[in-house]
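Participant: Numbering (our numbering), first residue to last: 272 to 610.
The C-beta atom is built at its ideal place from N, Cα and C for all residues, glycine as well.
Keep in mind it's a predicted model, so treat the numbers as computed, not measured.
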Amino acid sequence: MKERLENLRKAAIDQLKEAGSLDRVEEIRINFLGKKNELANLMKEMGKLPSDIRPEMGKVANEVRTEIENFIENKKIEFKEILLNEKLEKESIDVTIPVDVRFVGKMHPITLVISEIEKIFMSMGFSIEEGPEVDTVANNFDRLNAPKYHPSREMSDTFYFTEDLLLRTQTSTVQARTMMRDKPPIRMISPGRCFRYDTPDATHSPMFHQIEGLVVAENITLANLKSTLETFVSMFFGDDIKTKFRPHNFPFTEPSAEVDVTCFKCNGKGCSICKGEGWIEILGAGMVHPNVLENCGIDSKKYTGFAFGMGVERIAMLKYGIEDIRLLYENDSRFLSQF
Ligand code: PHE
272 MKERLENLRK AAIDQLKEAG SLDRVEEIRI NFLGKKNELA NLMKEMGKLP
322 SDIRPEMGKV ANEVRTEIEN FIENKKIEFK EILLNEKLEK ESIDVTIPVD
372 VRFVGKMHPI TLVISEIEKI FMSMGFSIEE GPEVDTVANN FDRLNAPKYH
422 PSREMSDTFY FTEDLLLRTQ TSTVQARTMM RDKPPIRMIS PGRCFRYDTP
472 DATHSPMFHQ IEGLVVAENI TLANLKSTLE TFVSMFFGDD IKTKFRPHNF
522 PFTEPSAEVD VTCFKCNGKG CSICKGEGWI EILGAGMVHP NVLENCGIDS
572 KKYTGFAFGM GVERIAMLKY GIEDIRLLYE NDSRFLSQF
C-alpha cells in the first residue's frame, strides 16, 4: 500500500513538472485527486486494511495528498504570472504614437482674477467670507447707513423681490453679516455676484462681481487702509505701479476715497486703456462709518475699521485687455481659450 502511495506521489509530481499549461495542471489534479480517481481508489481500499497499519497508511495518504495539492497550487501561480506578463507585454502602450489633442477646459478669467486676489489677501491673514446673492434691504442698505432716499435704493437701480428682499447690489452686505456674527478683530474679504438694474453695454452688465474687504479692530487707521491696498496693488499689478487716493463719498465709510493706479499699459503716459489719463480707477474704500459699526453691534468707541470694494470685471478687463464686458458672459470658447 505504502509503495502504491509513493508511486502515486512520484507519478503526480513528475507529470506536474512536465505540465505546460494551466489546463494540463487541472487535468492532472482531476486524475490524481478527483473523486473517482487514483487517490480516491486507494483510500477506499484503505478500509480493508488490518487495523494496526491503517492509521499509518492514512497518515501517509494525507501527506501525499497535501504534497500534490501544494505542488498544484504553486504551478498554478507560476502559470498565472506567465499569462499576466504575456498580457502586459501585448497591451503595453506606445507613448510615442501621436494622438489628437483633446480640447481641455480652462479657468474663466473672472475665476482667475478672484483666486489670484484671494491668494494675495490670504497671505496677509484675511479670511474669505461668503454671503447670499438674495439678501435683505437691511443688510444691503439700512445697516450700511444708506439714507432713506438714497438714489441707489430706487426700483430703477435695484432688483427687489419684496419690500424687504432684493438681489444684493454690492458685496458690502457681507460687511454687515460678518460684523453681526463675529467679534473684532475681523479681517476678511468676500468675493461674489452683485446685481443692478443696468442695460448691458460694453462696460455695464446687470450681473457682475465684486470683492469686498473689511478690517475691524482696535486702533485701525487710514494708514492701515493705505498700506494694505498698496501692498495688494503691488502684488497684483506689479512693484512699479503707484496708487492715488481721491476723495469720494460712500454712505458706509467716512472718510471715503476712490483708489486709482498708474496705468500698467503705458505707465502713466496716457493710452487707450486709461483713456489718456495715465491713471485707472480700481476700487472704492474708506474708514467704516461709526453708524455702520453700531448698526451691526460693534462698539464704535472701542473699535475702528476700514473697508474696500472692487469690481472684478473691471480688473479682469484691465488686466487682460478685454474691451467688452459682455465677452465675459457669452462663453464663447474661442474667447475663453485665450486665458
Ligand atoms: N460698495 C461700494 C460700491 O459698490 C464699494 C465700496 C466698498 C466702497 C467698501 C467703500 C467701501 O461701489
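Can you give the Cα-Cα distance for F374 and D603, rounded to whole angstroms?
Facilitator: The straight-line gap from Cα to Cα measures roughly 14 Å.
Participant: Can you tell me whether S461 is buried or exposed, with buried defined as 16 or more other CB within 10 angstroms of its CB?
Facilitator: Classification for S461: buried.
Participant: Express the C-alpha separation of H475 and G568 in angstroms, rounding to a whole number.
Facilitator: When rounded, the distance between both Cα atoms is 35 Å.
Participant: Specify whether the segment 340 to 353 and the segment 279 to 291 touch according to this definition: at least 3 beta carbon pairs, one from each stretch, less than 8 Å apart.
Facilitator: Touching, per the Cβ criterion.
Participant: For K273, tell me which candidate among V335, I299, A311 and G305 has the shortest Cα-Cα distance.
Facilitator: Residue V335 is the option with its Cα nearest to K273.
Participant: Measure the CB-CB distance between R439 and D406 and report whether it falls below 8 Å.
Facilitator: Taking 8 Å as the Cβ cut-off, R439 and D406 qualify as a contacting pair.
Participant: So what does DSSP say about V370, is it helix, strand or coil?
Facilitator: Coil, per DSSP.
Participant: Whether or not the segment 570 to 587 and the segment 446 to 466 are in contact is what I'm after, with contact meaning three or more pairs of Cβ atoms, one per stretch, closer than 8 Å; do they touch?
Facilitator: The segment 446 to 466, when compared against the segment 570 to 587, does touch it at the 8 Å Cβ threshold.
Participant: Would you say the beta carbon of G580 is closer than 7 Å to some non-hydrogen atom of the ligand PHE?
Facilitator: Yes, the beta carbon of G580 sits closer than 7 Å to at least one heavy atom of the ligand PHE.
Participant: So, N538 versus S527, is the Cβ gap smaller than 8 Å?
Facilitator: Going by C-beta atoms, N538 is not nearer than 8 Å to S527.
Participant: Only counting the same chain, and skipping five residues up and downstream in sequence, which positions put a Cβ closer than 7 Å to that of L607?
Facilitator: Cβ neighbours of L607 beyond the five flanking positions: K377 and H379.
Participant: Give the straight-line distance between the Cα atoms of K332 and D294, rounded to the nearest whole angstrom.
Facilitator: In the sequence under discussion, the amino acid at residue 332 is Ala, which differs from the Lys named in the question. Taking the straight line joining both Cα atoms gives about 25 Å.
Participant: Under the rule that 16 or more other beta-carbon atoms within 10 Å means buried, what is V563, buried or exposed?
Facilitator: Buried, because 16 or more other Cβ atoms sit within 10 Å of the Cβ of V563.
Participant: Exposed or buried, E584, counting other C-beta atoms within 10 Å across all chains shown (16 or more means buried)?
Facilitator: Buried: at least 16 other Cβ atoms inside 10 Å.
Participant: Following a CB-centred definition, is S443 positioned closer than 7 Å to any heavy atom of the ligand PHE?
Facilitator: Yes; taking the cut-off as 7 Å, the Cβ of S443 has a heavy atom of the ligand PHE nearer than that.
Participant: Quick check for students: name the residue ranges of the alpha helix (DSSP H) that lie wholly in the segment 304 to 329, counting only runs of 4 or more.
Facilitator: As far as the segment 304 to 329 is concerned, its whole alpha helix (DSSP H) runs of at least 4 residues are 309 to 317.
Participant: Return the Cβ separation of E601 and F507 in integer angstroms, given the expectation that the two are a contact with Cβ distance under 8 Å.
Facilitator: Contact doesn't hold; Cβ gap of about 26 Å is too wide.
Participant: Assign M450 to one of two classes, buried (16 or more other C-beta atoms within 10 Å of its C-beta) or exposed (fewer than that).
Facilitator: That one is buried.
Participant: Skipping 5 residues on each side, what residues in its chain have a beta carbon closer than 7 Å to that of T337?
Facilitator: For T337, where only same-chain residues beyond five positions count, there are no Cβ hits under 7 Å.
Participant: With distance defined between alpha-carbon atoms, name the residue in K497, I364, M426 and V445 nearest to R467.
Facilitator: Checked all of K497, I364, M426 and V445; the closest Cα to R467 is M426.
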